[in-house]
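Visitor:
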Amino acid sequence: MDYILSLITFIPLAGVLLLLVMPRNNAMLRGVALGVSLVTFIVSIGLICEFKTIADYQFVENIPWIKAGSFQMNYHVGIDGISLWLVILTTFIMPIAILSTWTAVEEKVKEYMICLLLLQVGMLGAFISLDLFLFYIFWELMLIPMYFIIGIWGGKNRVYAAVKFFIYTMVGSLLMLVAIMYVYFKAGAGDFDITRFYSIGLDPATQTWLFLAFALAFAIKVPMFPLHTWLPDAHTEAPTAGSVILAAVLLKMGTYGFVRFAIPLFPDATARFTPLIATLSVIGIVYASLVAMMQEDVKKLVAYSSVAHLGFVMIGVFALNQQGIAGGMLQMINHGISTGALFLIVGFIYERRHTRLITDFGGLSKQMPIFATIFMIVTFSSIGLPGTNGFVGEFLVLLGGFESKLRVWTIIASSGVILSAVYMLWMFQRVMFGELSNPKNQLLKDLNVREIVIMVPLIVMIFVMGIYPKPFIDRMIPSIDKLIIQAKKTQVAQLVVPASVIDNAAAVVASPSAEHAVPAAGTASPDMPDGHSILPAGHPAGESK
Amino acid sequence: MLSLHHYLILSGILFSIGAMGVLIRRNAIVIFMCVELMLNAVNLTFIAFSRYLGNIDGQIFVFFVMTVAAAEAAVGLALMIAFYKNRESIDVEDINLMKL
Amino acid sequence: MELALPQLNFMTIMPEIVLSVVAMALLLVNVLVKSEEKAYLGYLSLAGLVGALFTVPWGEKISGFGEMVIQDNFSSFFTVIFILCAVMTILISDGYFKKEGCNHGELYPLILFATVGMMFMAKATDLMTVFLGLEVLSVALYVLAGFNRDNIKSNEAGLKYFLLGCFSTGFLLYGMALIYGATGTTKIVRIAAMASGNGAVANNMMFLVGMLLMATGFSFKIAAAPFHMWTPDVYEGAPTPITAFMSAGPKAAGFAAFLRVFIIALPTLTVQWSDLLWILAVLTMTTGNIIALSQDNIKRMLAYSSIAHAGYALVGFTAHNASGVSGILFYLLSYTFMNIGAFAIIVIIGKKGEANNNVQDYAGLGVKRPVLALCLSIFLFSLAGIPPTAGFIGKFYLFAGAVQEGYIWLAIIGVLNSAASVYYYLRVMVFMYMKNPEEDFSWVKLTPAVMLCILIAVAGVLIPGIIPNSVLNLAAISLPLP
Amino acid sequence: MFDNVWLIPLFPLIGFLINGFLGKKIKNEAIIGGIGTLAIFGSFLVSCGILIEMISRGPENRVFEKVLFPWIHAGNFKADMAFLLDPLSVVMIMVVTGVGSLIHLYSIGYMHGEEGFYRFFAYLNLFCMSMLLLVLGNNMLVMFIGWEGVGLCSYLLIGYYFHKKSAGDAAKKAFVMNRVGDFGFLVGLFTLYWWLGDNANVWTINFMEIKKAAHLLPYGGVVTVATLCFFVGATGKSAQIPLFTWLPDAMEGPTPVSALIHAATMVTAGVYMIGRMSFVFIKSPDTMMVIAVVGAATAIFAATIGTAQNDIKRVLAYSTVSQLGFMFLAMGTGAFAAGIFHLMTHAFFKACLFLGSGSVIHAMHYALHHAHSHDDAQDMRNMGGLRKSMPITFITFLVSTIAISGIPGFSGFFSKDEILWQAFSNPYHGGLNIVLWGIGAVAACFTAFYMFRLVFMTFYGESRINPKAKSHLHESPLVITIPLMVLGFLAAVGGYIGLPKLVGDLFGGIPNYFEQWLEPVFEQAQEYGHHYAQSGGHHNVALEWGLMGASVVIALVGITIAFTMYVKNTELPGKFTSTFPALHRAVYNKWYIDELYDFLFVNPCKAFGNFLWKGFDVLVVDGIVNGVAAVVKGWSSAFRYTETGYVHNYAFVMAAGTVAILGYYIFR
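Chains as they are written, first to last, in my numbering: chain F, 1 to 545; chain G, 1001 to 1100; chain A, 2001 to 2482; chain R, 3001 to 3668.
1) Which two residues bound the contiguous beta strand (DSSP E) that contains A:H2228?
2) With R:A3330 and R:H3346 assumed to form a contact (beta carbons below 8 Å), what rounded beta-carbon distance in angstroms separates them?
3) Kindly indicate if chain F contains any beta-carbon less than 7 Å away from that of A:A1971.
4) Give a yes or no on whether the C-beta atoms belonging to A:E2067 and G:M1098 are separated by under 7 Å.
5) Answer with buried or exposed for R:N3004, where buried requires no fewer than 16 other C-beta atoms within 10 angstroms of its C-beta.
6) Alpha carbon to alpha carbon, how far is A:A2256 from A:L2479? Give it in angstroms, no decimals.
7) Alpha carbon to alpha carbon, how far is R:G3495 from R:G3406?
8) Could you run through the segment 1035–1059 of chain G and flag, in chain order, every residue whose CB is less than 7 Å away from some CB of chain A?
9) Measuring alpha carbon to alpha carbon, tell me which of R:V3620, R:I3072 and R:L3088 ends up nearest R:G3275.
10) For R:V3541, does the count of other Cβ atoms within 10 angstroms reach 16, so buried, or fall short, so exposed?
11) Would you please verify whether the beta carbon of A:M2434 is less than 7 Å from any beta carbon of chain F?
12) Beta-carbon within less than 7 Å of A:K2187's beta-carbon, same chain only, minus the 5 sequence neighbours each way: which residues are those?
13) Rounded to whole angstroms, how far is the Cβ of R:I3241 from the Cβ of R:T3298, which I believe are closer than 8 Å?
14) So if DSSP puts F:S129 in a beta bridge, which residue, or which two residues, is it bridged to?
15) Excluding sequence positions up to five away, which residues of its chain have a Cβ less than 7 Å from the Cβ of A:L2008?
16) So with Cβ pairs under 7 Å, would you call F:V307 a contact of chain R?
17) Touching or not, the segment 303–315 of chain F and the segment 269–286 of chain F, by the rule of three or more beta carbon pairs under 8 Å?
18) From A:L2019 to A:L2044, what distance separates their C-alpha atoms?
19) A:G2364 and A:E2438 look like a contact to me (Cβ under 8 Å); what is the Cβ gap, rounded to whole Å?
20) Can you give me, in chain order, the residues of the segment 124–141 of chain F that have a beta carbon less than 7 Å from any beta carbon in chain A?
21) Closer than 7 Å by beta-carbon distance: list the chain A residues that pair up with F:V159, in chain order.
22) Of the choices R:F3449, R:V3493 and R:F3281, whose alpha-carbon is the least far from that of R:A3234?
23) Within 10 Å of its beta-carbon, does G:A1082 have 16 or more other beta-carbons around it, so buried, or fewer, so exposed?
24) How many Å lie between R:F3397 and R:W3517 at the Cα?
25) Below 8 Å CB to CB, which residues in the same chain sit around R:V3625 once its five sequence neighbours on both sides are set aside?
26) Exposed or buried, R:Y3592, counting other C-beta atoms within 10 Å across all chains shown (16 or more means buried)?
27) So which of F:G416, F:W409, F:I194 and F:I245 has the shortest CA-CA distance to F:S382?
28) In terms of residues, what are the limits of the beta strand (DSSP E) holding R:F3077?
29) When the Cα atoms are used, what is the spatial distance from R:A3651 to A:V2087?
30) Exposed or buried, which one is A:L2481 when buried takes at least 16 other CB atoms within 10 Å?
31) Tell me, please, which residues DSSP counts as bridged to R:M3067.
32) Assess contact between the segment 2197–2214 of chain A and the segment 2166–2182 of chain A, defined as three or more Cβ pairs (one per stretch) separated by less than 8 Å. Is contact present?
33) One question on the structure: do R:A3443 and R:I3300 come within less than 7 Å of each other, judged by their Cβ atoms?
34) Considering only the alpha carbon of each residue, which of F:V317, F:A241 and F:L290 lies closest to F:L219?
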């Protein structure tokens, strides 16, 4: 299992090569692509099984790659609790994406599948890279297939959207490249290992500039307000699978970048810019929600909702405490599942009606009951209804934000839970409820088996993560703790170790039994419960304020 | 007594005249002549330095320049003839099919 | 005065000798070969080039001909670039000139002579050799640019190149003369020695002006703004294979001489010339990229792009540290592959009489000729500097060199430029993949020679893009050292 | 038995899954309805078992927590999927499962022949499960699952007739308004959690742990903030001012839904929540006052609207809002037990009223349908004199109306009187107490008036039914009337478990069982209350008797007015309308609150969204992006003209460049 990460990353590449030499038999091409993505997914399950709940990087491979002149780049990959789930998300979404375009893409199937699989290589590579240079390579590599997916198989205005997507992303990432070089030279001789960079201790002024360069690249990808305008275009024009992957995985690159690189590398700058980032995120949440509310195109609406959701992720991540980051990470995955599912749903009706305008629909519930049910579940997951995945993430994000210095921002952000209900339900009502007045809609067929098969795993995940998110959170926590320590390294005013870490340790020691009956309220000892008995100095308990 | 400076100034002036000719004249052959003038101004500089420094390198350089100029002239005139055959003009105002 | 015979060391110019002999032999053979069998001349010249490649030594540093030339890794690296450039050009020439219906027997000797000229430029350790090499190259290039005698555009290209080339030579020479005057020598090592030991020389205005005029002359050769004006016209008008040759080889040769002269002969003026190059780099990148955005003719577009690439290389030159210079070497090699590769495809897509060279004519190529389109896309991505291609690695080293020396803003301007450049490279792909085909591209003939050329180019772009170690290390040991 | 508490929500869940997935295939209404009803009835049985066990335990042993599985654990934050049994939650599960079972049974008859019968039962079961989670949750987050879950089911069930636009609108409105409340709930939760954690190092959202740590909370201050936020949540769920407008619209749902969700159970969640966290709420006198005032205001406000509505269900809806106001009045004045008591009796009589109205509508609908009439089956102006054709419905309806009006001997009297008395006598709000009592009393008068107006218009007087339809009118089937009878019985006698001490003393010292039962739950809150109680309160037996009498008189006045206007002198309402047209129009149009909200929130929001999209996003944000591209492109087209194609121009640029460089270096 030593090379499992490389295996996962490069199975799709092998698939690409296989597809290249295959004849143009569409069914076979689709089958092979699906098979390859499924194999990748199955192998990636091995990661979860073998994953140890520790803070360190695991499945590490560190092979010298480029060593010339003053540079040393390694093929250094590994995952921790933060990247584990993103890798799984990628491998999980991929077969679904491939299956979703079974009939939607009839032209250039071979190229399409090659693009999809190449995209997967790029995404997986970026998530597993521990070498900044390697990360950058994969980061850029993703652009190419996505550009073609939007540009070739997209809608009417696809060229504009594809070029905008490519260049917009490129501008940010190239500035990041300069920053990467700068960090490297600041760190002195060695390789591009990020853990090495974590400990260089740059002065705050330098950090400011470097953080801005990194943040720009990631903020464009997230996308944060006001750098978001490429997203609605890209989403609207992209084919279903493209939108799904874009929403589910590509956007996570931005938030992941913040978590993995921008924050731990530049803790001082992070502290300095947290208010700004939080402000932009909050604006993003409210603004995108309001804009989404008025959209006429379902896909654009979902695209804007992505901006709002990612705003929550950013708030959580920049809360810089366990709840916030865990919530942010969960919300990344949730958004991948829910919004991916929403795009699939939009794809289903687009395939049938070749329109996405809300006004063209109405009353579909009557004609398509299965579709209606699935749509509704996904809608509520997107709104963040308890019991679905969306709630867990959103709740933890807001909780974390509230505990941190971002309290005011969090309160405003919380209003997003109202707005999301407004725009999603209004859209749902206009599409699914009401009279089935349009005669074209009266002939619509309900979902077929393939489409149901696509949706079932997503629906299952929506509930699994909503009802039992513990396995997901548990595996993240050690890595998150490490990240928090790293992020607060130079902030002298802060506690050296977050109180939550202590608490967590105490909880492990206490290890409460699965069920216990608390005796009547009056008979309990006057002390606090065990899990909370370790207090950091300066916080006397039992003091009435 | 003529000093090094006189030669240098003269060659500088010659060089400038040549350069101005290139900029101003419109006939390709004349322009080429002006270039030759520039080269010869350089030759003069080389010779002057060579004499002044008591170093023969400059003079050798001049031989090379002269040879090369001859070769250039041959190629250049051939190009002009070819152009003239197609365009029936060697006015640089007419050498403007490709622009922007 | 004792007459000391200089050490000749023919070994130092072995590749040049081989190529010159082959070229002259070809001139003779040309007379005997029927016009439809000129391809054999091509094979012969390829054999000569490959033979010359085998005579390129590595790891040695031998001075020859009284310090007129030097054989070192730097020159070897460039020699390889030039030979590759010539080989790839010859591979795509035959088909092109047959299509254009042009008797092309002299083509091969001319290319070989130009290659010899370039090699001398890379080997020169004396300003005289620099000049000679430059002229051997230029004279051959003037002819090559106007090679398509019946095509008015080709005539015009030749003539424009000729007039402006001679003009710039004047400046270069004048600069050399002033340097000679200031230091009393034309040998670059001795120039440095004279200047460093002697404040009077180093601070001499003549020395400074000489440096600046030489910079002007070299800038013309590498097509740096504002000495780039000839490039688009000449590239557009010259026969496409020659454009390919010119964009890669002579530019590299110009850089070779530029690098060696400035780094070895003029270290005392480093501050001045790196300032100058900073400005030139910014101007060159920006001009090239900005104007390229609105080009329709793909040859002209690549001409502007080649200006921009000179600008990127100048970024490394400005830094002139190990990363920057080895970056230049690596980049020029990669640029040879990607640019000639791109031109190879333009050659076969083009119709007789240089038609079908507009971006719009590429509509639907991705559908009709997917492999060609894929290859062109790879070259264009490499030109745009997107991983995993050699273009990216090269750019990384160039900009990293600048960052290392503290030229952060230069690097930022550089990356912003390359972001803008993406637009026009993508535009070609937009037409290839995202527009419906209007023609069936039935005239496109993929001869084995062209196929080989494209194959070499693809390999040369992708392999160093993914595992650049060996090439980078080669570049790292090939720095110009006194 | 306590250990099996998880079965309570499980049964409805199973019912939901069976009906939801297989219902379409089963098709047989009896089986589907049977499954749904049995599921909730099973829960009822388990609840009964728990109740019995709890009664058998001593009062100090009645708290029990059951952890099912850990849910969200992140750092110091822990939320388990866990249940809490205590006297309060047992009351709630009894009400939910008991009334729920009856309404399920009723629905089998009422929904007969509806398209999507299975869907209805699936949703209904899902609702029950969510509601049970809400009341059983041992921490705020499990409560919140139920809290939002019932919102979801309410959405689904209001939108049951989704092809009707009004139904879709109402469903969305309900959900969004609830969401506004949920926002408050969340912020309240965060505030409480953060404050307790940060200042007392008690990182918990568990009710019992908070209860233990409640002494650490200050009076007022942050607690006011947190509880006000929670109260916003309560106003959303329980349809109080300002978030009450969704409830009348929610009548778009089938009538059993109105009975179960919008009368008996879900809307009381806010009251329950305040009761559950009484020990926190009472620590903020300001919040308590706000709750009391809002409750009283809602009670009178909704009651006034109720007097002028013609739709039978809308009257009941406003009545519900008004009665919920009473409950909040109780909570706000510290009469927690009384509030919960009213919650329970209200569940009985209001469910009965709704089901009764459903029975009427059902019959009307059937009759009008057979007469091919398009008259509105819910409009009371089309009814009248129904008591003869629908005797059982009439009697149960009348009993419940008497109960809600507060006529002594019926359940509503005991609970309402308790609330009014405590509002008057509890020592928290000083002089405001009398005002609160006064408002409550007037609202009670209105209640009696509009309820009897409803009875008189529907069951008395001359029939205004389409004559053709008249012959088709008949009593509803047993499956509908049995629940009516059971609920009617409960509405009549349910109050006797909570006899006021005053009355109990008359009958040999029968204690107030209900208050006793809940005493351990609210004990702590009452203790905290004494901390700032202003006086000993008015514990004057004579006064209590007097007020009790007054409230009876008030109710009788209301009934009399109704009788005068709608039975004896039927022109009076018309006269009244023409005398005060503006007043009538305002009341009839619900004081224009919906329009006000549209004007204040909905329309500006839409306009702002539209502006942000078309005016800002497209023009400014994207405009800048495209503008940069356009500027670069523009430069490109401009700069390309430097390439003139003329050799001498090129040479000139070269020469000029050289001169510039030389000049720069020489003269710098």
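In this text, a Cβ means the ideal position worked out from N, Cα and C, and glycines have one as well. Keep in mind it's a predicted model, so treat the numbers as computed, not measured.
Guide: Straight from the coordinates:
1) No beta strand (DSSP E) holds A:H2228; DSSP gives it neither H nor E.
2) With a Cβ gap of about 11 Å, R:A3330 and R:H3346 do not count as contacting.
3) Lying before the first or after the last residue shown, residue 1971 of chain A is absent from chain A, which here runs from 2001 to 2482.
4) No, the pair does not count as a contact, with Cβ atoms beyond the cut-off.
5) Exposed, since its Cβ has fewer than 16 Cβ neighbours within 10 Å.
6) If you take the alpha carbons of A:L2479 and A:A2256, they lie about 10 Å apart.
7) Distance between the alpha carbons of R:G3495 and R:G3406: 11 Å.
8) Cβ proximity to chain A below 7 Å picks out V1035, M1038, L1039, V1042, T1045, F1046, F1049, L1053, N1055, D1057 and G1058 from the segment 1035–1059 of chain G.
9) The candidate whose alpha carbon is nearest that of R:G3275 is R:L3088.
10) It is exposed - the Cβ of R:V3541 has fewer than 16 other Cβ atoms within 10 Å.
11) Taking 7 Å as the threshold, the shortest C-beta distance from A:M2434 to chain F falls below it.
12) Closer than 7 Å at Cβ, skipping near neighbours: E2067, T2125 and D2126.
13) Indeed, because the Cβ distance is near 5 Å, the residues count as touching under 8 Å.
14) Paired residues: F:V77.
15) The answer, listed in chain order, is G2064 and F2065.
16) Answer no: the Cβ-Cβ gap between F:V307 and chain R never drops below 7 Å.
17) With the cut-off at 8 Å, the segment 303–315 of chain F and the segment 269–286 of chain F touch.
18) C-alpha separation (whole angstroms): 11 Å.
19) Going by Cβ atoms, the distance from A:G2364 to A:E2438 rounds to 7 Å, so yes, they are a contact pair.
20) Of all residues in the segment 124–141 of chain F, I137, E140 and L141 have a Cβ within less than 7 Å of some Cβ in chain A.
21) Taking the beta carbon of F:V159 as reference, the chain A residues within 7 Å of it are V2430 and M2434, listed in sequence order.
22) Distance check between R:A3234 and each of R:F3449, R:V3493 and R:F3281 places R:F3281 closest, using alpha-carbon atoms only.
23) Label assigned to G:A1082: buried.
24) Straight-line spacing of the CA atoms in R:F3397 and R:W3517 works out to 30 Å.
25) Around R:V3625: no qualifying Cβ.
26) With fewer than 16 Cβ atoms within 10 Å of its Cβ, R:Y3592 is classed as exposed.
27) Minimum Cα distance to F:S382 is reached at F:G416.
28) It spans F3077 to L3085 - the beta strand (DSSP E) in which R:F3077 sits, taken as one unbroken run.
29) Spanning the two alpha carbons is a distance of roughly 33 Å.
30) It counts as exposed.
31) Correcting the residue type first, residue 3067 of chain R is Val in the shown sequence and not Met. R:A3082, per the DSSP bridge assignment.
32) The answer is yes - the segment 2166–2182 of chain A touches the segment 2197–2214 of chain A, with three or more Cβ pairs under 8 Å.
33) Taking 7 Å as the Cβ cut-off, R:A3443 and R:I3300 qualify as a contacting pair.
34) The sequence as given places Ala at residue 219 of chain F; Leu does not occur at that position. Comparing Cα-Cα distances from F:A219 to each of F:V317, F:A241 and F:L290, the minimum goes to F:V317.
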